[in-house]
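In this note's numbering, the protein residues as written are 7 to 476. Where a beta carbon is used, it is the ideal one built from N, C-alpha and C, also for glycine. Since the structure is predicted, the reported quantities are computational estimates derived from the model, not experimental observations. So the structure is just underneath, and the comments pick up after that.
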Amino acid sequence: PKSVAVIGASGEPGRPGYQFIRALLEFGYRGRLYPVNPEAPEEILGFRTYRNVRDVPDAVDFAFITVPAPAVPAVIGDCVAKGVAGVEIFTSGFREVGEEGRKLEREIVGLAKGKLRIIGPNCFGVYCPRGGLTLLPGARLSSESGDVAFISQSGGLALYFAWAATGCGLRFSKAVSYGNAADLNESDFLEYLGDDEETRVIAAYIEGVRDGSRFFRLARSLLGKKPVIVWKGGLSETSSRAVSSHTGSLAGEKAVWQAFSRQTGAVLVNDFEELLDAVLFFRQCRRNIGRRVAVVGGGGAVGVAAGDVCERVGLVVPVAPAGVQEQLRRMLPPVGTSTRNPFDVGAPVLPAPLFRRALEVLLGWDGIDAVIIDRIYLYGLEGLNGVPDRGCEERLEVLLDLQTKTAKQFVVVLEDLSTAADKIEVEVERRSAQQKLFASGIAFAPSLTRAAVALARVCGYYEQAREIAL
Numbered sequence: 007p008k009s010v011a012v013i014g015a016s017g018e019p020g021r022p023g024y025q026f027i028r029a030l031l032e033f034g035y036r037g038r039l040y041p042v043n044p045e046a047p048e049e050i051l052g053f054r055t056y057r058n059v060r061d062v063p064d065a066v067d068f069a070f071i072t073v074p075a076p077a078v079p080a081v082i083g084d085c086v087a088k089g090v091a092g093v094e095i096f097t098s099g100f101r102e103v104g105e106e107g108r109k110l111e112r113e114i115v116g117l118a119k120g121k122l123r124i125i126g127p128n129c130f131g132v133y134c135p136r137g138g139l140t141l142l143p144g145a146r147l148s149s150e151s152g153d154v155a156f157i158s159q160s161g162g163l164a165l166y167f168a169w170a171a172t173g174c175g176l177r178f179s180k181a182v183s184y185g186n187a188a189d190l191n192e193s194d195f196l197e198y199l200g201d202d203e204e205t206r207v208i209a210a211y212i213e214g215v216r217d218g219s220r221f222f223r224l225a226r227s228l229l230g231k232k233p234v235i236v237w238k239g240g241l242s243e244t245s246s247r248a249v250s251s252h253t254g255s256l257a258g259e260k261a262v263w264q265a266f267s268r269q270t271g272a273v274l275v276n277d278f279e280e281l282l283d284a285v286l287f288f289r290q291c292r293r294n295i296g297r298r299v300a301v302v303g304g305g306g307a308v309g310v311a312a313g314d315v316c317e318r319v320g321l322v323v324p325v326a327p328a329g330v331q332e333q334l335r336r337m338l339p340p341v342g343t344s345t346r347n348p349f350d351v352g353a354p355v356l357p358a359p360l361f362r363r364a365l366e367v368l369l370g371w372d373g374i375d376a377v378i379i380d381r382i383y384l385y386g387l388e389g390l391n392g393v394p395d396r397g398c399e400e401r402l403e404v405l406l407d408l409q410t411k412t413a414k415q416f417v418v419v420l421e422d423l424s425t426a427a428d429k430i431e432v433e434v435e436r437r438s439a440q441q442k443l444f445a446s447g448i449a450f451a452p453s454l455t456r457a458a459v460a461l462a463r464v465c466g467y468y469e470q471a472r473e474i475a476l
């Protein structure tokens, strides 16, 4: 929008009406800003304050509304009179609180119908780097545009997901916290994002769906074009009660959502970590990737665990053919290694030249689609007997180089050490490595289980797309 009004603006730093203005300024919004509040100071953060949005001398494209719920209908009327195209209602106290709130919500929808569109109420709004808009309080989110979109009924979750995803290297085209969905709802946003040329992957946190058949048709139409990843809140009895008081939504049954996934190809996840991993892997992995994986690690237990995890989630760990095994036996130590798959390379800090040769053997094997590197980089980073291994950077460069030369997908397990006080320096290096992996199109996760689950979901999605296309 070229112009934004903040209705309910405040000169008090702790109030949402102040935070919205500050967040937009710090985020880099370059349009015109109009604070609106008859009781606010004459000027807020350098901008003249107006008593009513109708008093603004110029056109207003969009408005943030932060006034108390009973005052919102009058504000909607003012916005309609002013010709505002859309509003975002931060205020809560509507359908989620009971019958009186539902009446109030119906009133504002009636006032706006056919005249302006509403995001919310009870939401944190829109994050759109290209348009200079950010969630509240999202001034520190990246201003760099990307190709991931996120729609969320939860404002806090939208903000948290944007922070976490950005930390992994992901960047957003748009993210929307839409709360109670009194007007614009999940289907409207899904339709828009499906046509949005900036968006490559669509993720969603949903507590309820207004129009199930429309949402079904839209999700089905995107299969094979743009992955739609859904975390459905409220599938248990306990969480469904929380959903009702959070956004006033009807939760829906688990079996219904499972059927929805089977028939549309939408990818259902169970929690925040699975959502983050799925988005990252869909963003990084090759299209139409297969389930056959080679697992490379240092230590026998790593291979045992890898076999169990991969089989449990539906990945295939084929036995390496005799020719591959023989080539690896010639270069690896004769004791403490395994060349069958999973591959135990013995010492987890192989010299970079040997690491490259071993991986080149695997990349020449037609029987696999992906190679999972389990902790080899991290072992080197931590060092043996407390002595850092300077070769870890060389091994990382091997991965980055080989990924550019193969159609197979590398997946790297990088354990998160951010909570370990004595591992701070290692964690800094790990994050640096993570940035390089992301830039090179390599997928990564903090554990083998999370990596395997995410990879299996990507494989399943493309399998389903091919089956339905037939």
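Report the residue from the options whose alpha carbon sits nearest the alpha carbon of residue i.
| i | options | result |
| --- | --- | --- |
| L360 | T205, V330 and V404 | V404 |
| F130 | V315, G104 and F167 | F167 |
| A413 | Y184, L368, L224 and E435 | L368 |
| Q290 | F444, R223 and W263 | F444 |
| E478 | I27, G92 and I82 | Absent from the model: residue 478. The displayed extent of the chain is 7 to 476, so no value can be given. |
| R472 | F222, C134 and I295 | I295 |
| R36 | P7, E192, G162 and L241 | P7 |
Beta strand (DSSP E) containing residue i: first to last residue?
| i | result |
| --- | --- |
| Y467 | Run containing Y467: none in the beta strand (DSSP E); it sits in the alpha helix (DSSP H), L454 to A475. |
| P41 | R38 to V42 |
| D380 | A376 to D380 |
| E94 | G92 to I95 |
| F70 | F68 to I71 |
| I82 | Not the beta strand (DSSP E): I82 falls in the alpha helix (DSSP H), residues V78 to K88. |
| F222 | Note, F222: premise wrong, no beta strand (DSSP E); alpha helix (DSSP H) at G218 to S227. |
| K238 | V234 to K238 |
| S151 | S151 to S158 |
| F416 | Q415 to V419 |
Decide if residue i is buried, meaning its Cβ has at least 16 other Cβ atoms within 10 Å, or exposed.
| i | result |
| --- | --- |
| N499 | What the structure shows of the chain is the stretch from 7 to 476, and residue 499 is not part of that stretch, so it cannot be assessed. |
| H252 | Interpretation of H252 is limited by its pLDDT of 49, a score under 50 that renders its predicted location unreliable; no figure is taken from the coordinates. |
| R268 | exposed |
| P127 | buried |
| D189 | buried |
| Y56 | buried |
| V323 | buried |
| T410 | exposed |
| S148 | buried |
| V234 | buried |
| P339 | exposed |
| Q415 | buried |
| V464 | buried |
| R456 | buried |
| V315 | buried |
| E111 | buried |
| K260 | exposed |
| E435 | buried |
| S158 | buried |
| Q441 | exposed |
| A307 | exposed |
| R318 | exposed |
Identify the continuous alpha helix (DSSP H) that holds residue i and give its terminal residues.
| i | result |
| --- | --- |
| I430 | I430 to A445 |
| E113 | E105 to A118 |
| A170 | G161 to C174 |
| A312 | G306 to V319 |
| I27 | P22 to F33 |
Might you give, ordered along the chain, the residues of its own chain that have their beta carbon closer than 7 Å to the beta carbon of residue i, omitting 5 neighbours on each side?
| i | result |
| --- | --- |
| A29 | T140, L142, P143, G144 and A145 |
| A171 | V154, L282 and V285 |
| A507 | Outside the displayed span of the chain (7 to 476) sits residue 507, for which this structure offers no information. |
| L321 | R297, V299, A458, L461 and A462 |
| A64 | One detail in the question is off: residue 64 reads as Asp in this sequence, not Ala. Closer than 7 Å at Cβ, skipping near neighbours: S9 and R38. |
Just to confirm my understanding: we take residue i, look at its own chain, exclude 5 residues before and 5 after, and list those with CB closer than 8 Å. What are they?
| i | result |
| --- | --- |
| V86 | L117, A118, K121 and L122 |
| A460 | E280, D283, A284, L286, F287, A449 and A451 |
| G17 | Y24, A46, P47 and I50 |
| R136 | S151, S179 and E204 |
| A75 | T97, S98, G99, F100, G107, L110 and P127 |
| I382 | V302, G303, G304, V351, P354, V355, L356, F361 and R401 |
Enumerate in chain order the residues of its own chain whose CB-to-CB distance from residue i is below 6 Å, with the five nearest sequence positions on each side excluded.
| i | result |
| --- | --- |
| V132 | L139 and V182 |
| A439 | L402 |
| V90 | V66, A69 and L122 |
Just to check my reading of the structure: residue i and residue j have Cβ atoms closer than 8 Å, yes? What is that Cβ distance to the nearest angstrom?
| i | j | result |
| --- | --- | --- |
| A11 | V66 | 5 Å |
| N186 | R101 | 5 Å |
| A364 | V377 | Not quite, the Cβ-Cβ distance comes to about 10 Å (not below 8 Å), so this is no contact. |
| S453 | V432 | With a Cβ gap of about 16 Å, S453 and V432 do not count as contacting. |
| G230 | A475 | 6 Å |
| F53 | T72 | The pair is not a contact, with the Cβ atoms about 15 Å apart (cut-off 8 Å). |
| A209 | A272 | So it is not a contact: roughly 11 Å between Cβ atoms. |
| K232 | R206 | 6 Å |
Is any non-hydrogen atom of the ligand ATP found closer than 7 Å to the C-beta of residue i, if you look at the structure I gave you?
| i | result |
| --- | --- |
| E192 | The ligand ATP is not among the ligands present in this structure, which contains no ligands whatsoever. |
Please confirm if residue i has its CB atom under 8 Å from at least one CB of chain D.
| i | result |
| --- | --- |
| L406 | Structure shown: chain D not included; a single protein chain is present. |
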